[in-house]
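S.K.: Per our numbering, the very first residue in the sequence shown carries number 256; after that it's consecutive. Note that beta-carbon positions come from the ideal geometry of N, C-alpha and C, so glycine has one too.
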Amino acid sequence: MDTFLYEELIKETEEELAILKGNQAVNKKIYTDLTSDFVIQSEKFLKDDLIMIRKHPRYINFPRHSHDYIEMNYVFHGQFHQKVADQPITLKQGDILLLNQHIEHELAACEENDIVINFIIHPAFFDYILSNLSTGFVQSQMLYFLMNSIFDFSQKGEYLYYPVSNSDRIQDIMQQLLKEMMEESILSKSKIKFLMGLLIIELIEQQNQTNRSTIQSEQHTFLTEVFRYIEEHYQEANLQSLANRFNQTVYWVSKEIKSLTNQNFKDLVQQKRLLVAKNLLVYSDLPMQSIAEEVGYENISYFYRLFKKKYGMTPKAYKMQLIKED
């Protein structure tokens with residue numbers, strides 16, 4: 256274990272000091288603006304970033320909640336007790352747990368020597384990774400989990416548990432990620448993204464060590480191939496081309512997609528296009544017409560209507576909001 260990291264992470268944060276002074280109630284305003292369900296909102300932490308790393312506050316029980324992002328728990332030292340969808344799970348030192356947007360969990364208070372790191376990850380981060388994975392990963396549970404998180408078709412809670420304390424390669428990547436979190440150099444954000452991509456690939460290779468609620472393998476393979484096709488061809492995707500991949504009729508493929516995702520093919524393609532458009536608004540200076548064409552829309556008015564329906568504001572208003580926040 257890295258001594259420097261341990262000495263830094265064992266220190267109490269301001270939040271932990273307040274808890275030790277008697278503030279034993281979780282301040283939900285730190286995590287959400289919602290007043291009903293306890294859903295931790297990514298905008299409270301990510302702003303215009305795709306990944307944030309923070310230490311989990313010790314000494315306090317955390318009530319049942321979910322997130323609107325992907326969360327990854329990593330136990331740097333000690334252990335971490337929680338209930339995930341009412342199932343008790345204990346993470347030991349070196350273990351990793353991934354949770355999607357719909358899974359609910361409640362967390363038991365960590366003791367002083369229990370150091371847990373939370374990774375807050377926007378689903379859009381996985382776009383680039385997925386588009387560059389080889390077809391050899393098509394059966395990967397991780398790949399299915401990430402694609403489901405991006406397209407959000409099932410609306411069901413899912414998690415992946417990796418007992419990887421004995422994997423030197425994974426532990427080395429985690430140590431590097433934590434050092435970048437601590438040091439915050441000018442290149443830290445870029446390094447963290449690359450390291451996270453490498454971690455995902457390593458976890459895919461650990462597939463045989465994974466515990467996960469099972470799904471039907473044929474459905475898994477079919478949907479993964481559908482998602483991969485959309486990832487690669489969202490600009491010009493069409494059902495006939497996809498049906499040719501399966502040597503099936505357009506009707507059969509369309510019906511199967513609707514049955515398994517409760518969305519039609521057009522909905523899935525639009526979801527992907529709008530996600531790419533949103534990322535281009537954040538990370539590029541392309542004009543609106545170019546962004547619309549880049550994601551497959553020749554009619555900019557139609558693109559505006561779809562974007563506003565999805566995100567509650569026009570692309571121009573969204574861009575202006577980003578500029579004001581900067």
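Just confirm the distance between the C-beta atoms of asparagine 355 and serine 404, as a whole number of angstroms; I'd bet it's less than 8 Å.
M.R.: At roughly 5 Å, the Cβ-Cβ gap stays under 8 Å, so asparagine 355 and serine 404 are in contact.
S.K.: According to DSSP, is glutamine 348 helix, strand or coil?
M.R.: Of the three classes helix, strand and coil, the one that applies to glutamine 348 here is coil, per DSSP.
S.K.: As a quick exercise: from Tyr552, Leu385, Arg309, pick the residue whose alpha carbon is nearest that of threonine 268.
M.R.: Among Tyr552, Leu385, Arg309, the Cα nearest to that of threonine 268 belongs to Arg309.
S.K.: Let's see if you can read the secondary structure: which residues bound the beta strand (DSSP E) around glutamine 334?
M.R.: Taken as a continuous stretch (DSSP letters only), the beta strand (DSSP E) holding glutamine 334 covers 334 to 339.
S.K.: Would you decide whether alanine 532 is buried or exposed? Buried here means 16 or more other CB atoms lie within 10 Å of its CB.
M.R.: Buried, since its Cβ has 16 or more Cβ neighbours within 10 Å.
S.K.: Using DSSP with H/G/I as helix, E/B as strand and the rest coil, what is glutamine 430?
M.R.: The answer is helix: DSSP assigns glutamine 430 an H, G or I state.
S.K.: Which stretch, first to last residue, makes up the alpha helix (DSSP H) that contains lysine 283?
M.R.: It is not in any alpha helix (DSSP H) - lysine 283 carries neither H nor E in the DSSP assignment.
S.K.: In angstroms with no decimal places, state the Cα-to-Cα distance between serine 539 and glutamate 549.
M.R.: Roughly 12 Å between the two C-alpha positions.
S.K.: For glutamate 439, is the classification buried or exposed, using 16 other Cβ atoms within 10 angstroms of its Cβ as the cut-off for buried?
M.R.: By the 10 Å Cβ count, glutamate 439 comes out exposed.
S.K.: Near valine 294, which residues of its chain fall below 8 Å by C-beta distance, leaving aside the five closest residues on each side in sequence?
M.R.: Closer than 8 Å at the Cβ level, and outside the excluded window around valine 294, lie Thr287, His320, Ser321, His322, Asp323.
S.K.: Please classify glutamate 326 as buried or exposed, where buried requires at least 16 neighbouring CB atoms within 10 angstroms.
M.R.: Classification for glutamate 326: buried.
S.K.: On the three-state DSSP scale, how would you describe isoleucine 376?
M.R.: Reduced to three states, the DSSP call for isoleucine 376 is strand.
S.K.: Mind listing, in chain order, the continuous beta strand (DSSP E) runs of no fewer than 3 residues lying wholly within the region 533 to 577?
M.R.: Within the region 533 to 577, no complete beta strand (DSSP E) run reaches 3 residues.
S.K.: In whole angstroms, what is the alpha-carbon distance linking isoleucine 510 and asparagine 502?
M.R.: Per the sequence shown, residue 510 should be read as lysine rather than isoleucine. Taking the straight line joining both Cα atoms gives about 15 Å.
S.K.: Once you ignore the five residues that flank glutamate 435 on each side, which residues in its own chain have a CB closer than 6 Å to its CB?
M.R.: So the list reads Ser443, Lys446, Ile447, once near-sequence residues are dropped.
S.K.: For lysine 302, name the three-state secondary structure that DSSP assigns.
M.R.: Coil at lysine 302, not helix or strand.
S.K.: Grouping DSSP H, G and I as helix and E and B as strand, with all else coil, what is leucine 442?
M.R.: It is coil, neither helix nor strand.
S.K.: According to DSSP, which residues form a beta bridge with tyrosine 417?
M.R.: Note: tyrosine 417 sits in a beta bridge opposite Ile351.
S.K.: DSSP puts proline 343 in a beta bridge; with which residues?
M.R.: Beta-bridge pairing links proline 343 to Lys338.
S.K.: For serine 422, does the count of other Cβ atoms within 10 angstroms reach 16, so buried, or fall short, so exposed?
M.R.: So serine 422 ends up on the buried side.
S.K.: Is tyrosine 417 closer than 9 Å to glutamine 348 when the C-beta atoms are compared?
M.R.: Taking 9 Å as the Cβ cut-off, glutamine 348 and tyrosine 417 do not qualify as a contacting pair.
S.K.: Alpha carbon to alpha carbon, how far is threonine 504 from leucine 432? Give it in angstroms, no decimals.
M.R.: Those two C-alpha atoms are separated by around 47 Å.
S.K.: What do you get for leucine 352, buried or exposed, if any count of 16 or more other CB atoms within 10 angstroms of its CB means buried?
M.R.: The residue is buried, with at least 16 neighbouring Cβ atoms inside 10 Å.
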